[in-house]
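A quick write-up on the structure given underneath.
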């Protein structure tokens with residue numbers, strides 16, 4: 012079985028590693044960087060821009076792959092799945108019209124409204140600075156301001172966090188619209204208060220199979236402080252819930268995902284095949300923060316590290332429209348990203364990393380390479396996240412201990428990680444914060 016992986020990050024390394032558990036799988040890769048973890052697993056690699064969908068399809072056809080798995084959102088939004096499908100290559104990842112669930116926040120909110128899907132936020136979209144500013148004057152401070160299009164998970168600014176007052180919000184609106192950030196339109200949403208969590212699902216166009224719930228940590232520094240990033244780390248619990256989540260809340264979120272899949276088919280006439288990622292906020296009630304058209308990063312590392320089902324078989328079931336149950340082990344996971352100093356603002360790139368992979372493995376942890384380059388046998392950082400380390404155990408606290416010990420086997424200048432992710436202190440803080448809302 013020949014499989015093409017598009018993307019060169021830790022998410023794609025996790026997908027590649029899970030696929031290779033099936034000895035019949037031969038992997039091929041398209042990525043712009045030189046991810047050593049993925050390259051070691053592949054028969055052949057094409058190093059080209061992942062947005063060059065025509066070249067990707069040509070490489071896939073030349074290699075004779077049975078299906079492709081597209082990891083990042085940008086190539087999906089650019090129509091990678093469309094081009095592959097037109098070349099007769101099935102794709103795990105939605106077509107561009109379906110990928111709008113992530114690439115166009117106006118489309119996403121409108122879809123939830125049109126099909127009466129619960130948990131939506133109040134929202135309004137603008138391409139005029141003056142109209143958006145007038146709206147901000149009328150609604151006050153309890154808002155979040157977001158570019159409508161893709162910004163790599165770093166475009167959201169929330170009142171009381173990145174924004175201090177209405178004038179800050181107006182200034183950001185002007186920056187987005189006049190600077191063309193994320194397409195140059197803004198969506199202003201009501202501010203959701205509570206704890207965020209991620210619930211992802213495998214989708215075959217009709218059926219869904221939910222994965223364990225995960226909590227990501229977007230803020231750059233300890234204590235959930237600093238600027239937003241693509242994600243500094245994440246954790247999951249052995250019962251596949253989270254310490255602040257009940258089974259009924261996860262079931263409610265699962266119903267929202269299911270209804271969204273149905274709505275996408277009604278709206279576009281196309282079947283959504285791939286991964287659908289729901290980000291939710293639990294406060295006084297449940298709210299949808301966003302949908303993504305692919306695995307979360309870092310969340311993919313948490314769930315794929317404990318996947319018991321054969322991922323290659325799951326992918327084949329998605330292609331055939333016969334998705335059944337997908338099994339995960341009853342273990343907790345903690346993921347911590349090692350990143351270059353300045354990540355998310357102005358990164359210190361080009362630093363050499365020394366990684367003791369055998370020590371990490373001996374501790375029972377798992378290493379995933381992210382946005383690094385291998386040159387002459389040495390690993391160098393780029394401007395984005397470098398490596399993810401996963402601790403796996405029966406409890407979150409033990410998984411965190413394993414992860415933190417394993418992180419010490421990654422050494423280099425001008426790198427850091429968030430030591431508090433998965434710790435009892437941070438989790439208790441989150442539980443205490445919810446007590447006043449629930």
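In the numbering used here, the protein residues as written are 12 to 449. Note that CB positions come from ideal geometry on N, CA and C, so glycine has one too.
Secondary structure at residue 307: coil, using DSSP grouped into helix, strand and coil.
In the three-state reduction of the DSSP assignment, residue 271 falls in the helix class, which pools H, G and I. Three or more Cβ pairs closer than 8 Å define a contact, and the stretch 290-299 meets that threshold against the stretch 126-135. Straight across, the Cα-Cα distance linking residue 59 with residue 286 is about 24 Å. By the Cβ-count criterion, residue 271 is buried, with 16 or more other Cβ atoms from all chains shown falling within 10 Å of its own Cβ. In this structure residue 244 is in contact with residue 309, their Cβ atoms being roughly 6 Å apart against a cut-off of 8 Å. If you draw a 10 Å sphere on the C-beta of residue 73, you find fewer than 16 other C-beta atoms in it, and that means exposed. Rounded to whole angstroms, the separation of the alpha carbons of residue 356 and residue 238 is 8 Å. Within the stretch 163-209, the complete beta strand (DSSP E) segments of 3 residues or longer fall at 197-201, listed in chain order. A Cβ-Cβ distance of about 25 Å is found for the pair residue 211 and residue 94, leaving them out of contact under the 8 Å criterion.
Residue 126 sits in coil when the DSSP states are folded into three classes, being neither helix nor strand. The residues 362, in chain order, have a CB closer than 7 Å to that of residue 424 in the same chain once the five nearest residues on each side in sequence are set aside. Straight-line measurement puts the Cα of residue 180 at about 6 Å from the Cα of residue 174. In the DSSP assignment, residue 53 forms a beta bridge with 38. A residue is called buried when at least 16 other Cβ atoms come within 10 angstroms of its Cβ; residue 138 does not meet this threshold and is exposed. The criterion of a C-beta distance shorter than 8 Å is satisfied by residue 49 and residue 19. Excluding five sequence positions before and after residue 295, the CB atoms of its chain that fall closer than 6 Å to its own CB belong to 448, given in chain order. Remark: C-beta atoms of residue 197 and residue 184 approach each other more closely than 8 Å.
Listed in chain order, the non-local C-beta contacts of residue 394 below 6 Å within the same chain comprise 358, 360, local neighbours out to five positions each way being set aside.
By DSSP's assignment, residue 239 forms a beta bridge with 230. Boundaries of the beta strand (DSSP E) harbouring residue 422: 421-423, taken from the DSSP string.
By the criterion of a C-beta distance shorter than 6 Å, residue 367 is surrounded in its chain by 420, once the five residues flanking it on both sides are discounted. Taking a contact as a CB-CB distance under 8 Å, the pair residue 377 and residue 403 counts as one, their CB atoms being some 7 Å apart. With fewer than 16 other CB atoms across the displayed protein chains lying within 10 angstroms of its CB, residue 232 is exposed. One thing to note: residue 41 has its Cβ within 8 Å of the Cβ of residue 67. Counted as a single uninterrupted DSSP element, the stretch harbouring residue 247 is not any alpha helix (DSSP H) but the beta strand (DSSP E) occupying residues 244-247.
By the Cβ-count criterion, residue 442 is exposed, with fewer than 16 other Cβ atoms from all chains shown falling within 10 Å of its own Cβ. Pairing residue 408 with residue 322, the inter-Cα distance amounts to about 28 Å. The Cβ-Cβ distance between residue 236 and residue 229 does not fall below 8 Å. Straight-line measurement puts the Cα of residue 278 at about 11 Å from the Cα of residue 121.
Under the three-state reduction of DSSP output, residue 282 falls in the coil class, being neither helix nor strand. As the crow flies, the alpha-carbon of residue 325 is around 48 Å from that of residue 144.
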